[in-house]
Each structure stands twice: as structure tokens, then as C-alpha cells.
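The structure appears below as C-alpha cells.
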Amino acid sequence: MTNGEWLNGHEGCRTGCGGDADGIEIETAPRTDMWQRTYYGFRVSNAPCYLWSREDDFSITCRVDFQYENRFDQCGLVLIMDDENWFKVSVEYENERYSRLGSVVTNTGYSDWATRDVPTPRSIWYRLSRRGPDFLAESSAEGSEFAQMRVFHMHTLGSTTEAMGRMEPGAILPAPVRFGLYACSPLESSFTARFSQITRGSSKWEPHRE
0 MTNGEWLNGH EGCRTGCGGD ADGIEIETAP RTDMWQRTYY GFRVSNAPCY
50 LWSREDDFSI TCRVDFQYEN RFDQCGLVLI MDDENWFKVS VEYENERYSR
100 LGSVVTNTGY SDWATRDVPT PRSIWYRLSR RGPDFLAESS AEGSEFAQMR
150 VFHMHTLGST TEAMGRMEPG AILPAPVRFG LYACSPLESS FTARFSQITR
200 GSSKWEPHRE
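Okay, so the sequence shown: first residue is 0 according to numbering that gives the first Met the number 0, each after it adds one.
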């Protein structure tokens, strides 16, 4: 399983951890983040990520355990085309009472952040599924029943047609993408994200049926 590659990796990034041969740990470094322009104006793409590459439709599922230290600490799943076109899903820390469960879609160099407030957890499950140029992000507290968080489109992968919406997973023309795990600490802090029970396989996102 751990046959991916590190992006922005450092000595705090480890594979085969916690008694899980496929487990991955990321100990974040301060002032690491992923964001492009919107509202804040800055551009940063230095978060450590563990990535796989795949051309066809897929789903990736994982559990991540963490204990955040400072505001904006975050960890979850990521999809990267390039610095100006990417996606991430995570719980972003606010305080001990609540954090922001949300996602960021970045197309053509501008980030779009959508969130809802949740009681600050210590673990969560995520699933990201692909259908051609479109993606479905989901989350789960226990890893059994997943709730939809966001449906989104990556512009660099081209247009979506009505016919594509009805195609079975895997029938849409392939194009390579990089996807995987990430963690970062935008302020002066550091924490360890522990990813486990990682599965990658065919897309679980069913075709649209009226």
C-alpha cells in the first residue's frame, strides 16, 4: 500500500508506523499550509503530502488520528493537479470546543473554502471518490456510514457531459491525477497525524439515476 511518493516530505514524515505496515505518520512543521490567494492574498503550497498517481476512477478511504495544538492545524485527504489546481478535506482546529470540518477546492489559482462547525474530534474517517473530472468528498465518525460533504469539479480535467453522469465507474476516459494524505500547521505549532486503514480501489460513487 505504501508505494506512493512524498511531496514536501521531511524527517517527520514516516511510513509503516504504529504497528500498521501501511500506516503513515506526518509530524507537521510550523508555517506549512495549502492556500491560493482568496481573501488572504497569499499563496502557499508547502504542506507535506503522501501521494499516489492513478488515471482511472477510484475511491480512497482512511482513518486519521490527531491531537491538534494550535489554530488552523489540519490533516486529511488531498488531490493535486498542480499548485493552482487542487483539493483538500480536513478538520481545521479552532479550539477545544469546536473546529471546522470542511474542504477547499482550488481552481485556476483561487481557493474556495466551505465548512461547518463540529465538536473538536480526535479522529475521523474520510473518503474521496472520482468520476472523470468530478469528485465526491465524504466523512464518517466511525468509518461505516459516510456523509456527503462536497461534490466538485477540477477544471484542468475538462468538461462533464450529461452522458458521463450516467456512465458506470471506470467508463469515463482516463486522465492522471495525484491524490493521498496531507497534514500541516499554518501557525507556530506542530502535531502528529496518524493515518491508518487506508484503502484504494475502484470508485464507490455510483452513476446518476433519476
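For each residue, glycine too, the CB sits at the ideal point set by N, CA and C.
- Please determine, among W124, H154, E161, the residue with the shortest C-alpha to C-alpha distance to S143. The shortest Cα separation from S143 among W124, H154, E161 belongs to W124.
query = Okay, do the segment 70-80 and the segment 175-188 touch, 3+ Cβ pairs below 8 Å being the bar?
reply = A contact exists between the segment 70-80 and the segment 175-188.
### Query
How about the segment 149-164 and the segment 0-11: do they share at least three Cβ pairs that are nearer than 8 Å?
With a cut-off of 8 Å, the segment 0-11 and the segment 149-164 do not count as touching, because too few Cβ pairs lie within range.
Notebook entry, point to check: With respect to the beta strand (DSSP E) encompassing M33, which residues constitute its N-terminal and C-terminal limits?
Noted result: M33: member of the beta strand (DSSP E) spanning 33-35, first to last residue.
For this session: Take the Cβ of R193 as the centre, count every other Cβ of all protein chains shown within 10 Å, and call the residue buried at 16 or more, exposed below.
Result: Answer is buried; the Cβ neighbour count reaches 16.
Practice prompt. Report yes or no: do three or more beta-carbon pairs, one from the segment 8-26 and one from the segment 127-137, lie closer than 8 Å?
Written response: Between the segment 8-26 and the segment 127-137, the count of C-beta pairs closer than 8 Å stays below three; the two stretches do not touch.
Alpha carbon to alpha carbon, how far is P185 from S128? Give it in angstroms, no decimals. CA-to-CA, the gap between S128 and P185 works out to about 27 Å.
Buried or exposed for Y38, please, with buried defined as at least 16 other CB atoms from any protein chain shown within 10 angstroms of its CB. Y38 should be labelled exposed.
Discussion item. Whole angstroms are fine: how far does the CA of T159 sit from the CA of S188?
Written reply: About 41 Å.
Which residue's Cα is closest to the Cα of I197: R115, T60, G8, N69?
If we check each option's Cα against that of I197, T60 comes out closest.
According to the neighbour-count rule (16 or more other Cβ atoms, all chains shown, within 10 Å of its Cβ), is T107 buried or exposed?
Result: exposed.
First and last residue of the alpha helix (DSSP H) that includes A113? First-last for A113: 109-118, but that is the beta strand (DSSP E), not the alpha helix (DSSP H).
Item to check | C-beta contact flag for E95 and T114 at 7 Å | outcome: Judged by their CB atoms, E95 and T114 are not nearer to each other than the 7 Å cut-off.
- Look at F57 and S195 and say whether their C-beta atoms are less than 7 Å apart. The answer is no: Cβ separation not under 7 Å.
Practice item. Can you give me the Cβ contacts of S110 inside the same chain, cut-off strictly under 6 Å, excluding the 5 residues immediately before and after it? Key: The beta carbon of S110 is closer than 6 Å to those of W34, Q35, T37, V103 in its chain, skipping five residues each way along the sequence.
Just to check my reading of the structure: W51 and R199 have Cβ atoms closer than 8 Å, yes? What is that Cβ distance to the nearest angstrom?
About 7 Å separates the two Cβ atoms, so the contact holds.
When DSSP labels each residue in this structure, what does G164 get in the three-state scheme?
-> Reduced to three states, the DSSP call for G164 is helix.
Worksheet entry | E10 vs C16 beta-carbon contact at 7 Å | No, these two residues do not count as a Cβ contact at 7 Å.
Grouping DSSP H, G and I as helix and E and B as strand, with all else coil, what is H152?
-> Three-state result, H152: strand.
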